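Novice: What follows is a single structure, and I will ask about it in a moment.
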Amino acid sequence: MLSRESSATLISAVTAFIYKEARLQDEHAYEAWEALWTDDGVYWVPANGDDIDPEKEMSIIYDNRSRISLRIKQLLTGKRHTQTPQSRLRRLVSNIELLDQQPGGDISVASNSMVFESSLRDDTIWAARNEYRLRYVDGELKMAYKKVILVNNEKALFTLSFLI
Amino acid sequence: MNVVPRASQWDELIRPDRVHGSLYSDPAIFEAELQNIWYRTWVYVGHESEVPNANDYVVKSIGPQSVIMTRDEQGKVNLLLNRCSHRGNQVCSYDKGNARSFTCPFHSWTFANDGRLVGYAFPDGYEGQDKSKLALGRVARVQSYRGFVFGSFAAEGPTLEEHLGGAAETIDRLVRFSPEGEVEVTAGFLKHRVKANWKFILENECDGYHPAFVHSSIFGVADSAIGKLYGGASTAVTRDYGNGHTEIDLRPEFRKRDAPMSWFGTTEERLPDYTARMKAAHGDQKAREIMIDGTPHVMIFPNLFIAEIQMFVIQPLAVDDSVQHVTALQFKGAPDMNRRLRQQTMGSVGPAGLLLADDSEMYERCHRGVLARNPEWIFLGRGEKRERQDGLGFKIGHVTDEIPSRGIWRHYHSLMEAV
Numbered sequence: 021m022l023s024r025e026s027s028a029t030l031i032s033a034v035t036a037f038i039y040k041e042a043r044l045q046d047e048h049a050y051e052a053w054e055a056l057w058t059d060d061g062v063y064w065v066p067a068n069g070d071d072i073d074p075e076k077e078m079s080i081i082y083d084n085r086s087r088i089s090l091r092i093k094q095l096l097t098g099k100r101h102t103q104t105p106q107s108r109l110r111r112l113v114s115n116i117e118l119l120d121q122q123p124g125g126d127i128s129v130a131s132n133s134m135v136f137e138s139s140l141r142d143d144t145i146w147a148a149r150n151e152y153r154l155r156y157v158d159g160e161l162k163m164a165y166k167k168v169i170l171v172n173n174e175k176a177l178f179t180l181s182f183l184i
Numbered sequence: 006m007n008v009v010p011r012a013s014q015w016d017e018l019i020r021p022d023r024v025h026g027s028l029y030s031d032p033a034i035f036e037a038e039l040q041n042i043w044y045r046t047w048v049y050v051g052h053e054s055e056v057p058n059a060n061d062y063v064v065k066s067i068g069p070q071s072v073i074m075t076r077d078e079q080g081k082v083n084l085l086l087n088r089c090s091h092r093g094n095q096v097c098s099y100d101k102g103n104a105r106s107f108t109c110p111f112h113s114w115t116f117a118n119d120g121r122l123v124g125y126a127f128p129d130g131y132e133g134q135d136k137s138k139l140a141l142g143r144v145a146r147v148q149s150y151r152g153f154v155f156g157s158f159a160a161e162g163p164t165l166e167e168h169l170g171g172a173a174e175t176i177d178r179l180v181r182f183s184p185e186g187e188v189e190v191t192a193g194f195l196k197h198r199v200k201a202n203w204k205f206i207l208e209n210e211c212d213g214y215h216p217a218f219v220h221s222s223i224f225g226v227a228d229s230a231i232g233k234l235y236g237g238a239s240t241a242v243t244r245d246y247g248n249g250h251t252e253i254d255l256r257p258e259f260r261k262r263d264a265p266m267s268w269f270g271t272t273e274e275r276l277p278d279y280t281a282r283m284k285a286a287h288g289d290q291k292a293r294e295i296m297i298d299g300t301p302h303v304m305i306f307p308n309l310f311i312a313e314i315q316m317f318v319i320q321p322l323a324v325d326d327s328v329q330h331v332t333a334l335q336f337k338g339a340p341d342m343n344r345r346l347r348q349q350t351m352g353s354v355g356p357a358g359l360l361l362a363d364d365s366e367m368y369e370r371c372h373r374g375v376l377a378r379n380p381e382w383i384f385l386g387r388g389e390k391r392e393r394q395d396g397l398g399f400k401i402g403h404v405t406d407e408i409p410s411r412g413i414w415r416h417y418h419s420l421m422e423a424v
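First to last, the sequence lines map onto chains F and H.
All residue numbers for the first sequence refer to the working numbering, where the first residue is 21 and numbers rise by one.
All residue numbers for the second sequence refer to the working numbering, where the first residue is 6 and numbers rise by one.
Shown next, in the form of structure tokens:
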């Protein structure tokens, strides 16, 4: 367990990281967002429940690091029609909790988020529980894992082509 | 309903090379489609592998109707309507499970999983009542083709084989990719909703004209060989099987490549277990031919789209509201192949799919666009002057030609006019 002081320092660093990630996503800063990932990052948005087996069942997103990169490259072409024009986005992030940290290991963090999307189709509200594993790499926090559990992931969803 | 066109008026709306925009946007026409298409012809509902054991059930749909597909104690597949025969409450609230019976939570009426009413609470109030007249509603006809379960609300009409016609052969072609000859639907469905008429989806599935433009963003960065299949110099063809079934037949291009599994962007060496099992099942030469040709790209009217590595089920909810249910195809006895099928499918389809999110954007923009007052028509004349026939007498054309759309509308016309 961390001391009270180091825990407070860590949660403030983690909170700053999560707020920054949210802003980069809202503002479509694709390359800066991709730079937040570690080399072994996994980006997962399950469908049909919170704890499906992504190796056996379909997920909305289940990207390894190279597919994260491909997703970003596609957005950067400017010809990803569903994001041309880009959705206008603002998200609120709260309930940030440190769940676990082993000495020298990844930091497990969770938050809740609500995203307001305005696109050509309509305005859409998305709500999710976000689970992260963060890691210090060369003195900077990076994401090794982000799981986005949409509240309505069992339902038919509209296109989700911005960074959630 | 009095605004729905009379028989002769369908001729006005559906011409050989163009269709009227109101066919996509008029709520009265949508209601007529439910009656004349969705609640009458054969519609794909589910796959037998989704209810492998006695008493398994899964909730499916026919258009806006909720349909429970059950396997009863005798092993028979039933398609039951999710509506208590008493006061209309939905008797099943879970997507899937295993249950011998469904008990309505409202007044505790209980139905066996073959639809029979087996009991109601406080039965003394129903003295002399014939329970057999109070069964769950059911889809009148249920028939399977190689595990694919179809239902028709019409008690009489063409058989499923008659409905599938020449397109049945595409399903035969598909199941050969399992060393055991069976497709399995076990990976769960993504459900992708679009604010667009269902026919924009239906027509796009075998539209070979759009990929070069709608999907250029991913073809460019993924170093994909798919783009060339849909180029001007491609030898692939579009095909109209009749009865609204259409295909993009990519085999001419894959046969030129002459490389097994090239259709799937891989090689025999990278799928050694699968390759060995296919050779054991089919013999070396036949396995090689199958693995060069690739799986079909076929749209079975009105709602089953087999897209090489995945399958889609189209569900219309309202004139401007549709859901695409999509899952990776899985082949029995092919674990390494199945893993790749899931990974590629997950990247491509669903709400965040690198391909389908862009298709869906087009559906929604088309739907909004078609509300404009003129030019009123959707023009579908591409390749009309260069249609030809294949060896079996089906119409074929260049991969970018609009033979599939014209075939779909010809069949649609016959269905809408028939009642």
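C-beta: ideal position from N, C-alpha, C; glycine also.
Model, not experiment: these values are computed from the prediction.
1. Counting C-beta neighbours from all protein chains within 10 Å, is the total for E137 of chain F 16 or more, i.e. buried, or is it exposed?
2. Please classify E189 of chain H: does DSSP put it in a helix, a strand, or coil?
3. Anything in the segment 42-71 of chain F with a Cβ closer than 8 Å to a Cβ of chain H? List those residues in chain order, please.
4. Note down, in chain order, every chain H residue with its Cβ under 9 Å from the Cβ of Q121 of chain F.
5. Which residues does DSSP list as the beta-bridge partners of Y82 of chain F?
6. So which residues on chain F does E366 of chain H lean against when the C-beta distance must stay under 7 Å?
7. Please report the residue range of the alpha helix (DSSP H) in which F259 of chain H lies.
8. Listing by chain order, which chain F residues have their CB less than 7 Å from the CB of R198 of chain H?
9. Could you check what DSSP says for A148 of chain F in three-state terms: helix, strand or coil?
10. Only counting the same chain, and skipping five residues up and downstream in sequence, which positions put a Cβ closer than 6 Å to that of L234 of chain H?
11. What residues in the segment 27-41 of chain F have a beta carbon less than 9 Å from any beta carbon of chain H?
12. Would M6 of chain H be called buried (16 or more neighbouring beta carbons within 10 Å of its own) or exposed?
13. Between A357 of chain H and V65 of chain F, how many whole angstroms is the CB-CB distance? I'm expecting something under 8 Å.
14. Going by the beta-carbon positions, is the gap between R146 of chain H and S157 of chain H smaller than 9 Å?
15. Mind listing which residues of the segment 305-334 of chain H have their C-beta closer than 7 Å to chain F's C-betas, in chain order?
16. Tell me whether A333 of chain H sits in a helix, a strand or coil according to DSSP, three-state version.
17. Distance cutoff 9 Å, beta carbons only. Does K76 of chain F sit that close to anything in chain H?
18. Using a Cβ-Cβ distance under 9 Å, would A50 of chain H count as near chain F?
19. Taking DSSP as the reference, what is the three-state secondary structure of N7 of chain H?
20. Since T144 of chain F meets chain H, which of its residues come closer than 7 Å, beta carbon to beta carbon?
21. In this structure, what does DSSP give as the bridge partners for R111 of chain F?
22. Could you check whether the Cβ of A362 of chain H sits closer than 9 Å to any Cβ belonging to chain F?
23. In chain H, what lies closer than 9 Å to L90 of chain F by C-beta?
24. Would DSSP call Y3 of chain H helix, strand or coil?
25. Within 9 Å (strictly less), CB to CB, does G355 of chain H reach chain F?
26. Closer than 9 Å, Cβ to Cβ, to anything on chain H: give me those residues from the segment 141-166 of chain F, in chain order.
27. Does G98 of chain F come within less than 9 Å of chain H when only Cβ atoms are used?
28. Check each candidate in F:L90, F:R111, F:I127 and F:E174 and name the one with the smallest Cα separation from D71 of chain F.
29. If you run the structure through DSSP and keep just helix, strand and coil, what is K284 of chain H?
30. Does I80 of chain F get closer than 9 Å to chain H when you measure Cβ to Cβ?
Specialist: In this structure, then:
1. If you number the first sequence from 1, residue 137 of chain F lands on position 117. It is buried - the Cβ of E137 of chain F has at least 16 other Cβ atoms within 10 Å.
2. Taking the second sequence and counting its residues from 1, one reaches residue 189 of chain H at position 184. Correct three-state label for E189 of chain H: strand.
3. V65, A67 and N68
4. Taking the first residue of the first sequence as 1, we reach residue 121 of chain F at position 101. In chain order: nothing, as chain H lies at least about 30 Å away.
5. As a working note, residue 82 of chain F is residue 62 in the first sequence. DSSP lists F:W64 as partners of Y82 of chain F.
6. Along the second sequence, one-based indexing puts residue 366 of chain H at 361. The CB of E366 of chain H comes closer than 7 Å to the CB of H101, T102 and T179 in chain F, given here in chain order.
7. By 1-based counting over the second sequence, the position of residue 259 of chain H is 254. Note, F259 of chain H: alpha helix (DSSP H), R256 to R262.
8. For the purposes of this step, residue 198 of chain H is taken as residue 193 along the second sequence, with counting starting at 1. Residues of chain F passing the Cβ test: A176, L177 and F178.
9. For this step, residue 148 of chain F is matched to residue 128 along the first sequence. Strand at A148 of chain F.
10. Here residue 234 of chain H is taken as the residue at index 229 of the second sequence, counted from 1. For L234 of chain H, where only same-chain residues beyond five positions count, the Cβ hits under 6 Å are A241, L255 and E258.
11. The segment 27-41 of chain F vs chain H, Cβ under 9 Å: nothing.
12. Here residue 6 of chain H corresponds to residue number 1 of the second sequence, with the count starting at 1. Since pLDDT at M6 of chain H reaches only 41, below the 50 mark, its modelled position is unreliable, and the value read off the structure follows with that caveat. The residue in question, M6 of chain H, is exposed, as its Cβ has fewer than 16 Cβ neighbours within 10 Å.
13. If you number the second sequence from 1, residue 357 of chain H lands on position 352. If you number the first sequence from 1, residue 65 of chain F lands on position 45. Sure, about 7 Å apart at Cβ, within 8 Å.
14. Along the second sequence, one-based indexing puts residue 146 of chain H at 141. Along the second sequence, one-based indexing puts residue 157 of chain H at 152. Taking 9 Å as the Cβ cut-off, R146 of chain H and S157 of chain H qualify as a contacting pair.
15. V328, T332 and A333
16. Here residue 333 of chain H corresponds to residue number 328 of the second sequence, with the count starting at 1. Reduced to three states, the DSSP call for A333 of chain H is strand.
17. The count along the first sequence starts at 1 and reaches residue 76 of chain F at position 56. Yes, K76 of chain F counts as interfacial toward chain H.
18. Along the second sequence, one-based indexing puts residue 50 of chain H at 45. Inspection of the sequence shows that residue 50 of chain H is occupied by Val rather than by Ala. Closer than 9 Å: no.
19. Stepping through the second sequence from its first residue, residue 7 of chain H is reached at position 2. Low local confidence applies: a pLDDT of 46 at N7 of chain H is under 50, so the model's placement there is unreliable, and no value is given.
20. Numbered from 1 along the first sequence, position 124 holds the residue referred to as residue 144 of chain F. None at all; the shortest Cβ gap to chain H is about 10 Å.
21. The count along the first sequence starts at 1 and reaches residue 111 of chain F at position 91. According to DSSP, R111 of chain F bridges with F:V135.
22. Taking the second sequence and counting its residues from 1, the one referred to as residue 362 of chain H is at position 357. Closer than 9 Å to some Cβ of chain F, the Cβ of A362 of chain H qualifies, so yes.
23. What you label residue 90 of chain F is simply residue 70 of the first sequence in a count that begins at 1. Within 9 Å Cβ-Cβ: I223, V226, A227, G352 and L359.
24. Chain H is shown from 6 up to 424; residue 3 of chain H falls before or after that span and cannot be answered.
25. Here residue 355 of chain H refers to the residue found at position 350 when the second sequence is read from its first residue. So yes, G355 of chain H belongs to the interface.
26. Within the segment 141-166 of chain F, the qualifying residues are R141 and D142.
27. Residue numbering aside, residue 98 of chain F sits at position 78 when the first sequence is read from its first letter. Answer yes: the Cβ-Cβ gap between G98 of chain F and chain H drops below 9 Å somewhere.
28. Residue numbering aside, residue 71 of chain F sits at position 51 when the first sequence is read from its first letter. Taking only the C-alpha atoms, the option nearest D71 of chain F is F:E174.
29. Start at 1 with the first residue of the second sequence, and residue 284 of chain H comes out as number 279. K284 of chain H: helix per DSSP, three-state reduction.
30. Here residue 80 of chain F corresponds to residue number 60 of the first sequence, with the count starting at 1. Yes, its Cβ sits closer than 9 Å to a Cβ of chain H.
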